[in-house]
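Encoded as structure tokens, the structure appears first; notes follow it.
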Amino acid sequence: MTLLKVEWEGPQLVNSSLALVNRYLCRELLRHGVHLKITPTEKDSIPDYWFSDAANIRNCYDAGVERPLVHIRQQWPPTLRPSDVPIQILFQPWEYGPVPAKWVPFIQTSVDEVWVNSNYTRQGYIKSGIDEDKIFTFPLGIDTSVYQVNGPRYALKTTKSFVFLFVGGTIHRKGIDKVLEAYRRAFRRSDDVCLVVKDFGRTSYYAGQTYHEQILAASLDPESPEILYMDWDLTPAEMGALYRASNCLVHPYRAEGFGLPILEAMACGVPAIIPSMGPATEFTTEENSYRVKSQLSTMDMPSDMQLALPAEMIDVDMDHLVDTMIKAFSERKNHTAVCDKAARHAQQYSWEAIGEIVVNRIKILQEKAIQKPITHTPVELKAFSILRGVNERTNAHVTSSEAYAAILSHGLHEGDAILDIGPKTIDGMKYMQMKGACVTHFELSRVQDRDGDVFNLLADERLYHKTYDTVFIRHAIEMFQPSDAAKLLLALFEIMSYRGRIFIVTPDCDNTQVITKQFWTKPFNSRPYPTELLQLLLSEVGFRTITSGKMPGGIDALVFASRLANDNPFV
Numbered sequence: 001m002t003l004l005k006v007e008w009e010g011p012q013l014v015n016s017s018l019a020l021v022n023r024y025l026c027r028e029l030l031r032h033g034v035h036l037k038i039t040p041t042e043k044d045s046i047p048d049y050w051f052s053d054a055a056n057i058r059n060c061y062d063a064g065v066e067r068p069l070v071h072i073r074q075q076w077p078p079t080l081r082p083s084d085v086p087i088q089i090l091f092q093p094w095e096y097g098p099v100p101a102k103w104v105p106f107i108q109t110s111v112d113e114v115w116v117n118s119n120y121t122r123q124g125y126i127k128s129g130i131d132e133d134k135i136f137t138f139p140l141g142i143d144t145s146v147y148q149v150n151g152p153r154y155a156l157k158t159t160k161s162f163v164f165l166f167v168g169g170t171i172h173r174k175g176i177d178k179v180l181e182a183y184r185r186a187f188r189r190s191d192d193v194c195l196v197v198k199d200f201g202r203t204s205y206y207a208g209q210t211y212h213e214q215i216l217a218a219s220l221d222p223e224s225p226e227i228l229y230m231d232w233d234l235t236p237a238e239m240g241a242l243y244r245a246s247n248c249l250v251h252p253y254r255a256e257g258f259g260l261p262i263l264e265a266m267a268c269g270v271p272a273i274i275p276s277m278g279p280a281t282e283f284t285t286e287e288n289s290y291r292v293k294s295q296l297s298t299m300d301m302p303s304d305m306q307l308a309l310p311a312e313m314i315d316v317d318m319d320h321l322v323d324t325m326i327k328a329f330s331e332r333k334n335h336t337a338v339c340d341k342a343a344r345h346a347q348q349y350s351w352e353a354i355g356e357i358v359v360n361r362i363k364i365l366q367e368k369a370i371q372k373p374i375t376h377t378p379v380e381l382k383a384f385s386i387l388r389g390v391n392e393r394t395n396a397h398v399t400s401s402e403a404y405a406a407i408l409s410h411g412l413h414e415g416d417a418i419l420d421i422g423p424k425t426i427d428g429m430k431y432m433q434m435k436g437a438c439v440t441h442f443e444l445s446r447v448q449d450r451d452g453d454v455f456n457l458l459a460d461e462r463l464y465h466k467t468y469d470t471v472f473i474r475h476a477i478e479m480f481q482p483s484d485a486a487k488l489l490l491a492l493f494e495i496m497s498y499r500g501r502i503f504i505v506t507p508d509c510d511n512t513q514v515i516t517k518q519f520w521t522k523p524f525n526s527r528p529y530p531t532e533l534l535q536l537l538l539s540e541v542g543f544r545t546i547t548s549g550k551m552p553g554g555i556d557a558l559v560f561a562s563r564l565a566n567d568n569p570f571v
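Residue numbers are given in UniProt numbering: position 550 of the sequence shown equals residue 550, and the series is strictly consecutive.
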């Protein structure tokens with residue numbers, strides 16, 4: 001049997017739905033003997049006891065997989081950058097029907113297959129002009145050792161006997177406003193019923209978008225039926241206990257890519273009230289869920305999220321939602337039967353079963369990769385793609401992130417492998433070595449002799465002998481035109497570790513004295529680089545945390561970037 005060799009890029013040990021899917025599918029790949037390299041895109045933030053295979057996942061970070069044949073990316077926002085791996089997979093959920101317009105040309109020219117988790121999402125890609133043969137659809141799964149009928153129940157602070165539950169970000173697209181309205185129309189304070197709202201991402205992913213204040217106001221209203229609000233993190237085991245402490249999930253979404261809490265609740269014997277259309281109808285039946293009459297409408301999207309066609313939204317009928325909640329509450333015998341059917345149905349969606357689907361698909365794709373000529377996307381084309389992306393974004397917004405950096409050493413870890421590009425004499429070099437860092441230095445005299453030819457630097461084989469944790473570019477980037485600067489940053493990105501950081505020191509364009517006099521007295525300077533331009537270049541290359549500030553003395557500016565999201569040592 002041919003060894004399967006895969007690179008998986010995206011968040012892993014993080015408290016988010018994308019990371020959860022990534023780590024469980026990667027666990028299944030490892031269980032099937034896949035030779036796996038994981039490139040995490042966010043810093044690990046959950047404790048290991050949340051996921052029993054955390055150590056195995058972490059051991060695959062930047063693992064030395066010789067020539068992966070399949071590259072799978074699932075992250076937000078998606079990376080729209082060609083891969084040198086023969087088969088490129090864009091694993092990209094989407095909720096609003098037609099996809100963003102800027103995804104379409106990239107998918108058509110650079111992606112071998114798009115992975116989605118519902119036919120509902122698949123139709124959105126097809127409506128946007130993506131060939132249906134290019135889209136692979138499979139459902140998500142559940143950890144059946146966590147989400148099951150038997151087990152402890154969460155100790156809710158209520159004496160009510162029937163509990164409705166909402167799980168997820170309390171945002172408009174998930175329909176929490178409809179839940180509140182229907183619940184308050186259906187019941188009174190004296191009724192033996194409680195609504196529990198388990199919020200997610202209020203201070204992170206969905207900051208500024210949630211119905212937090214409206215929920216709290218409703219919970220304090222003496223005329224309102226009982227409402228309990230929870231916005232703290234729960235472990236997977238606690239989430240299972242919360243589902244088991246409930247009687248019915250309410251999820252009248254406007255837009256979803258799958259709806260994983262619905263499946264998790266079902267596995268715990270808790271059926272869901274859902275729209276009569278959308279992705280949840282694909283993994284439920286009319287016998288094990290409650291369907292609410294719905295219709296499809298269109299909606300406006302933010303100006304920075306232009307879609308290929310108008311965005312689509314599912315509207316549930318409010319009167320029918322009210323009636324359905326009353327039915328679930330009042331018809332207890334029937335509801336018990338629905339609970340049993342939901343639990344039995346959900347067990348077929350184990351991660352082991354879903355993993356089989358994914359591994360079999362990878363086998364098919366790898367066969368294509370073996371037959372496909374091994375080619376590398378020319379760096380000129382990659383650089384042009386980056387510059388084109390910068391050009392598109394320059395008129396769209398101005399980067400406002402302004403972090404003040406005191407000294408470069410803020411970002412060093414003990415024992416870092418450092419690549420230093422620039423003049424050799426710098427006090428910071430001594431500090432790096434004091435921190436136990438292994439420093440590889442590149443002088444730029446050869447580049448200067450070639451009048452800023454970046455290929456002279458990139459052709460040096462010493463550059464590729466190791467993986468670097470930190471890169472310093474000091475008074476060097478200004479020697480290159482943007483096309484060559486893009487090539488340099490691309491090459492450096494590829495030889496950095498998953499937690500790689502880059503520091504660029506360049507003359508401060510805001511200092512008139514520096515730019516009008518000192519900058520142009522250096523004969524090898526090609527052009528000044530405003531921090532805004534460097535930030536855009538770094539973003540297009542693939543760095544996820546980007547900030548800038550002034551170096552002490554006001555002569556130089558500093559731009560910092562990291563491959564990991566939320567990795568800013570200056571905060």
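Cβ coordinates follow ideal geometry from the N, Cα and C atoms, glycine included.
As the structure is a computational prediction, the values presented were derived from the model and not from experiment.
So the alpha helix (DSSP H) residue i belongs to, where does it begin and stop?
i: Tyr211; result: Element bounds for Tyr211: n/a, residue is neither H nor E.
i: Glu42; result: Looking at the DSSP string, Glu42 is not in any alpha helix (DSSP H), and its letter there is neither H nor E.
i: Glu28; result: 17 to 31
Measure the C-alpha to C-alpha separation of residue i and residue j and round it to an integer number of angstroms.
i: Val104; j: Ile126; result: 10 Å
i: Gly500; j: Leu156; result: 43 Å
i: Leu419; j: Glu540; result: 21 Å
i: Phe136; j: Asn247; result: 34 Å
i: Val322; j: His212; result: 22 Å
i: Ala346; j: Pro139; result: 12 Å
i: Ala476; j: Arg81; result: 25 Å
i: Trp94; j: Val163; result: 30 Å
i: Lys466; j: Lys522; result: 32 Å
i: Arg73; j: Asp233; result: 26 Å
i: Leu4; j: Phe51; result: 24 Å
i: Gly175; j: Arg184; result: 15 Å
i: Gln75; j: Pro11; result: 7 Å
i: Gly201; j: Ala207; result: 7 Å
i: Asp319; j: Arg291; result: 13 Å
i: Asp199; j: Gln214; result: 13 Å
i: Asp53; j: Ile262; result: 24 Å
i: Ser118; j: Ser289; result: 18 Å
i: Asp221; j: Arg173; result: 25 Å
i: Thr203; j: Gln513; result: 42 Å
Closest to residue i by CA distance: which of the options is it?
i: Ile46; options: Pro569, Arg202, Ser17; result: Ser17
i: Cys36; options: Trp8, Phe51, Glu264; result: The residue asked about is misnamed: residue 36 is Leu in this sequence, not Cys. Out of Trp8, Phe51, Glu264, Trp8 has the C-alpha closest to the C-alpha of Leu36.
i: Ala186; options: Ala328, Pro68, Ser118; result: Ala328
i: Gly554; options: Gln518, Phe106, Val571; result: Gln518
i: Phe524; options: Glu282, Gln513, Gly124, Gly422; result: Gly422
i: Ser350; options: Gln108, Tyr24, Tyr243; result: Tyr24
i: Ala237; options: Ile227, Ala265, Ile215, Arg254; result: Ala265
i: Asp84; options: Glu282, Cys60, Ser110; result: Ser110
i: Asn231; options: Tyr147, Arg244, Glu223, Tyr205; result: Sequence inspection shows Asp at residue 231; the Asn mentioned does not correspond to that position. Of the listed residues, the one whose Cα sits closest to Asp231 is Tyr205.
i: Val358; options: Gly141, Thr547, Gly64, Glu132; result: Gly141
i: Tyr243; options: Gly151, Ile354, Thr547, Gly278; result: Gly151
Taking the beta strand (DSSP E) that residue i belongs to, which residues open and close that run?
i: Ile135; result: 135 to 137
i: Phe560; result: 556 to 562
i: Ile87; result: 87 to 91
i: Arg565; result: The question names Arg, yet the displayed sequence has Ala at residue 565. That residue, Ala565, is in no beta strand (DSSP E); it is neither H nor E in DSSP.
i: residue 591; result: Past the boundaries of the shown model lies residue 591; the chain is included only from 1 to 571, so the question cannot be answered.
i: Trp94; result: Here Trp94 belongs to no beta strand (DSSP E), and DSSP marks it neither H nor E.
i: residue 577; result: Shown here, the chain extends from 1 to 571; a query on residue 577 therefore has no answer.
i: Thr298; result: 294 to 299
Beta-carbon within less than 6 Å of residue i's beta-carbon, same chain only, minus the 5 sequence neighbours each way: which residues are those?
i: Ser330; result: none
i: Asp567; result: Lys43, Thr545
i: Val62; result: Here the sequence assigns Asp to residue 62, which means Val is not the residue at that position. For Asp62, where only same-chain residues beyond five positions count, the Cβ hits under 6 Å are Ser497, Tyr498.
i: Ser161; result: Asp192
i: Leu29; result: Leu36
i: Cys438; result: Ala417
i: Gln92; result: Pro78
i: Gln209; result: Ile171
i: Ala406; result: Confidence at Ala406 is low in this model, with a pLDDT of 47, below 50, so the placement of that residue should be treated as unreliable; the coordinate-derived value is given next. Result list for Ala406: empty, nothing under 6 Å.
i: His32; result: Val359
Kindly list the residues whose CB is nearer than 8 Å to the CB of residue i, restricted to its own chain and excluding five residues on each side of it in sequence; keep chain order.
i: Cys509; result: Ile515, Pro528, Tyr529, Pro530, Thr531, Ala557
i: Asp315; result: Arg254, Ser294, Gln295, Leu296, Ser297
Excluding the 5 residues flanking residue i on each side, which residues of the same chain have their C-beta closer than 7 Å to its C-beta?
i: Asp177; result: Tyr211
i: Glu478; result: Thr506, Pro507, Asn525, Ser526, Arg527, Pro528, Tyr529
- [ ] For the segment 476 to 553, list the alpha helix (DSSP H) runs that are entirely contained and at least 4 residues long, ordered along the chain.
- [x] 482 to 494, 531 to 541
As an exercise, report each continuous alpha helix (DSSP H) stretch of at least 4 residues that is fully enclosed by the segment 192 to 264, in chain order. 212 to 220, 236 to 244
Original post:
Going along the chain, which unbroken runs of the alpha helix (DSSP H) with 4 or more residues stay wholly within the segment 306 to 345?
Top reply: 318 to 330
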